[in-house]
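For reference, the structure is listed below as structure tokens.
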Amino acid sequence: MLKNIRILMLCILIFFMSIGCSSNEPNDTIQSTIKQSVKSLEQKNYSQFLDKHLHPRDLKKALKSSNRKKFIKEFSVKASVTMLNALRSIKDIKPKLSHNKNAATFTVKRYNRKLVLVKHKNNWFIINSDNPSSYLK
Numbered sequence: 223m224l225k226n227i228r229i230l231m232l233c234i235l236i237f238f239m240s241i242g243c244s245s246n247e248p249n250d251t252i253q254s255t256i257k258q259s260v261k262s263l264e265q266k267n268y269s270q271f272l273d274k275h276l277h278p279r280d281l282k283k284a285l286k287s288s289n290r291k292k293f294i295k296e297f298s299v300k301a302s303v304t305m306l307n308a309l310r311s312i313k314d315i316k317p318k319l320s321h322n323k324n325a326a327t328f329t330v331k332r333y334n335r336k337l338v339l340v341k342h343k344n345n346w347f348i349i350n351s352d353n354p355s356s357y358l359k
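Going by this note's numbering, the first residue of the sequence shown is number 223, and it counts up by one from there.
Rendered as structure tokens:
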């Protein structure tokens, strides 16, 4: 009986630990998307960042011209630090929202560029464009 209780307690502990460490948190708010993006990049989990936070259309387009492994390597070398710094710089800033509130535009002063997130299927994604209109159709 005591052995069964220990096993049950261990299972419960593992369950709650897995919830706390989950990377499957929804990116259903702008701030949660930014927070999760920063975390993925800080941990150098580029594959997770690209899969979860880059708009699916942009990811699909990138993978048409390059294989997945090569694309992730190129991103890690050429763009990951810039993206991480940009995301860190906007984490406490309110974005300019589109009139229907499904696009959020941040000005990243450090790079004199805009970073745009769009809502797609109830989640927010970073897009590879300053113009969200073509993503919102």
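Virtual Cβ for every residue (Gly too), placed ideally from N, Cα, C.
- When rounded, the separation of the alpha-carbon atoms in N353 and V338 is 8 angstroms.
- Of the candidates N350, S320, K313, the residue whose Cα lies closest to the Cα of Q258 is K313.
- DSSP places L358 outside both helix and strand once states are collapsed to three, so it counts as coil.
- Setting aside the 5 residues that flank it on each side, K331 is surrounded in the same chain by S311, each with a C-beta closer than 8 angstroms to its C-beta; the list follows chain order.
- Within the model, the alpha-carbon separation for N350 versus K261 is close to 20 angstroms.
- Comparing alpha carbon positions, the residue from I294, K283, I348, S356 closest to N267 is I294.
- Rounded to the nearest whole angstrom, the C-alpha separation of K274 and F347 is 8 angstroms.
- In the structure shown, the three-state DSSP call for T251 is coil.
- DSSP lists V330 as the beta-bridge partner residues of R335.
- With 16 or more other Cβ atoms inside 10 Å of its own Cβ, H277 counts as buried.
- Counting of Cβ neighbours within 10 angstroms places K283 among the exposed residues, the total staying below 16.
- Close CB contacts of L309 within its chain, under the 8 angstroms cut and outside five residues either way in sequence, are with I256, S259, V260, L263, L337 (chain order).
- Going by C-alpha positions, L285 is about 29 angstroms away from P317.
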